[in-house]
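First up is the structure itself, then whatever we jot down about it.
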Amino acid sequence: MFNFACFIAWLLLVFAVDAKSPSTSSLGPRGPPTVTIKNGTLSGIFNSPYDQEFFLGIPYAAPPVNDLRLRKPQPAQPWAGIRKSESYGARCLRNDIRLAGFSQNVTDPVSEDCLHINIIRPATQRSPLPVLVWIHGGAFQEGSASDGRTNGTFLVQTSVEMGTPIIFVSFNYRLGAFGFLGGLEIEAAGVSNIALYDQRQALHWIQENIGYFGGDASQVTIMGQSAGAMSVGFHLLAFGGRNDGLFNAAIAQSGGPYTVPVLSREISDREADFNMVLNKTGCSDSKDSLNCLRAAPAELLQQAGSLLTPSFVVDGGIITAPSEELLHSGRFAKVPLLIGSTRNEGTSLLQQILGTTGSFETEEHFKSFIKTSWIRGPINDTVTQHWAQLYAQEINTPSTAGLGTVKPNPGPKYGNYYGQATLWLGDMTFTAGRRFATQAWARGNVPSYSFLFDGVPANMDPDTLGAAHFSDVAYTFRDTEGFGWEINPFPAEPTLKEKHVKLAELMSRMWISFATKRNPNFHNGQLRVTL
């Protein structure tokens, strides 16, 4: 497991998975900064090396425990005196998805009482600043705002260097069965999609309070990767595309308003998951299933959550219709969008299922995989044959969006059609949705910008993973020393590392440019970096 202890002297506030609180020397000569918000007064941390101030672990909603479990979030209660906000709050209860390049061993405290928000701001800027809000990913099963790999220190530093300082915000939301449980009783009670309502509550909190921290509530950009990008997409489509003024721009990395049809699961599947959860928690025979689940031990609900697929339901509120219907009819928040994906989105996803599918040795195996993976209903043999021919052509005559460094057949474990299967899976899951979304933005005359990330980090095998899912995050966050990573994604060899550092500088500056100018091209940096 990655250990940050040796870096404490250099980065006085440690964001990593092993330690959350800085040494007392990190408070510096200024002492702890204080801010009074609607709920009370907070004391934070002054970080001298970066000239930044941190306010961490602030409750944005009431603890969702006991009778508030499996309910929509309620406002946080005020407090008396000064509340210390010097360390991250507990992560939400989670289940590891073990995705190559993403999942890591963590020992942070976990709790149901996890609805906390974090603020990082420049210490010397007090005029209203643009706000960049990070929504973490993790398949709606794991992840947190305290992940050391996505701390906002370096982005805030970059923004100051550019002369366009920002405030960085991140927050937790409920995961697994605590946030994405479906089923007839859940849906009838109006408590489906509750993790999305957590996120919405956090965005309302930002509107109400960010001004006290020096933020500009009229210039908020929401940003996410993977499940975080899907979350960004949900908010773009929320309430039928109603613009509540909670954000003014959006960044979606490997996801977005149309990633895959999230409403594709039948009620019978959602109900089967709900009954499984009842069985695992001892609530199958209860006359009031929801009250029983609210009283069940949290660890039982967490364990049951590891066996279910997160459910998203048309609830007449935050989700009013399938995403393709909303996009096609122009019912989305008309704000600028920066959206993109990595070249090899499908590699790590496919490796998760290799143990159950076996190697992709024949064309028939590949076509069978297409049929079982396609989530929009039955698909005929003519379509699968056509796709097989198209992806064979991509292998034989690669396009600019081909495999890159990934080998078509890295070895017996993977099979002759591994490369084709990864390309198809990445296209279905991310690339097609990106194009569909940008087409909707174009029809609505709303600015949109698209990117393709093609860098292969040092922690990814170039032959089997390449520029895989999550590969872009270290570059977006300009984490050039690999803080928070078990394996540093930046190469050790100096010449090669310099190229990767330049790419991180370019991407972080473009993201800041978008958050401050609504256009990624005002970054005053290089136009292109070749690795």
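The sequence shown begins at 1216 in my numbering and counts up by one. We put the CB at the ideal spot given by N, CA and C, even for glycine.
Tell me whether residue i is buried or exposed, calling it buried when 16 or more other Cβ atoms sit within 10 Å of its Cβ.
i       : result
Asp1687 : buried
Trp1294 : exposed
Ile1297 : exposed
Ala1707 : exposed
Gln1608 : exposed
Leu1522 : exposed
Val1321 : buried
Ala1291 : buried
Glu1481 : exposed
Val1598 : exposed
Leu1505 : buried
Leu1257 : buried
Gln1414 : buried
Ser1499 : exposed
Pro1551 : buried
Glu1713 : exposed
Val1447 : buried
Glu1357 : buried
Put residue i into one of helix, strand or coil per three-state DSSP.
i       : result
Val1371 : helix
Lys1287 : coil
Ser1728 : helix
Pro1337 : strand
Phe1269 : strand
Cys1498 : coil
Gly1439 : strand
Tyr1275 : coil
Asp1642 : helix
Ala1647 : helix
Phe1737 : coil
Asp1431 : strand
Ser1723 : helix
Arg1364 : helix
Val1492 : helix
Arg1658 : helix
Ser1326 : strand
Ala1683 : strand
Ile1223 : Below a pLDDT of 50, predicted positions are generally treated as unreliable, and Ile1223, at 24, falls in that range; the measurement from the model is reported next regardless. It is coil, neither helix nor strand.
Arg1485 : helix
Asp1282 : helix
Pro1709 : helix
Ala1315 : coil
Val1671 : coil
Gly1460 : coil
Quick one: what's residue i bridged to in DSSP?
i       : result
Tyr1664 : Leu1553
His1331 : Pro1274
Leu1257 : Val1250 and Arg1298
Ala1444 : Ala1444 is not bridged to any residue.
Arg1306 : Val1325
By the DSSP assignment, the beta strand (DSSP E) with residue i in it spans what residues?
i       : result
Asn1262 : Ile1260 to Asn1262
Trp1420 : No beta strand (DSSP E) contains Trp1420, which is instead part of the alpha helix (DSSP H) from Ile1409 to Asn1424.
Arg1298 : Ile1297 to Lys1299
Ser1504 : Where Ser1504 is concerned, there is no enclosing beta strand (DSSP E), although the alpha helix (DSSP H) it sits in stretches over Ser1504 to Ala1510.
Ser1385 : Ile1382 to Phe1386
Gln1567 : Premise fails: Gln1567 lies in the alpha helix (DSSP H), Glu1560 to Thr1572, not in any beta strand (DSSP E).
Gln1468 : Ala1464 to Gln1468
Starting from residue i, trace the alpha helix (DSSP H) in both directions and tell me its first and last residue.
i       : result
Lys1582 : Glu1578 to Ser1588
Trp1349 : No alpha helix (DSSP H) contains Trp1349, which is instead part of the beta strand (DSSP E) from Leu1344 to Ile1350.
Thr1599 : Asp1596 to Asn1611
Phe1393 : Gly1391 to Gly1394
Ala1513 : Ala1513 to Gly1520
Glu1402 : Leu1399 to Ala1403
Val1688 : Val1688 to Thr1691
His1543 : Ser1538 to His1543
Closest to residue i by CA distance: which of the options is it?
i       : options                               : result
Met1725 : Ile1554, Ile1401 and Leu1564          : Ile1554
Gly1394 : His1543, Trp1420, Leu1330 and Gln1319 : Leu1330
Phe1705 : Pro1672, Val1550, Gly1634 and Phe1369 : Pro1672
Ser1483 : Glu1539, Arg1415, Glu1400 and Leu1721 : Glu1400
Met1643 : Thr1524, Gly1304 and Trp1589          : Trp1589
Phe1575 : Asn1595, Ala1603 and Leu1552          : Ala1603
Arg1364 : Pro1345, Gln1356 and Ser1385          : Ser1385
Gln1289 : Asp1328, Ala1403, Leu1667 and Gln1635 : Asp1328
Leu1271 : Tyr1265, Ile1260, His1684 and Ala1404 : Ile1260
Lys1628 : Ile1702, Phe1651, Ser1614 and Asp1678 : Asp1678
Tyr1473 : Leu1667, Leu1308 and Gln1654          : Gln1654
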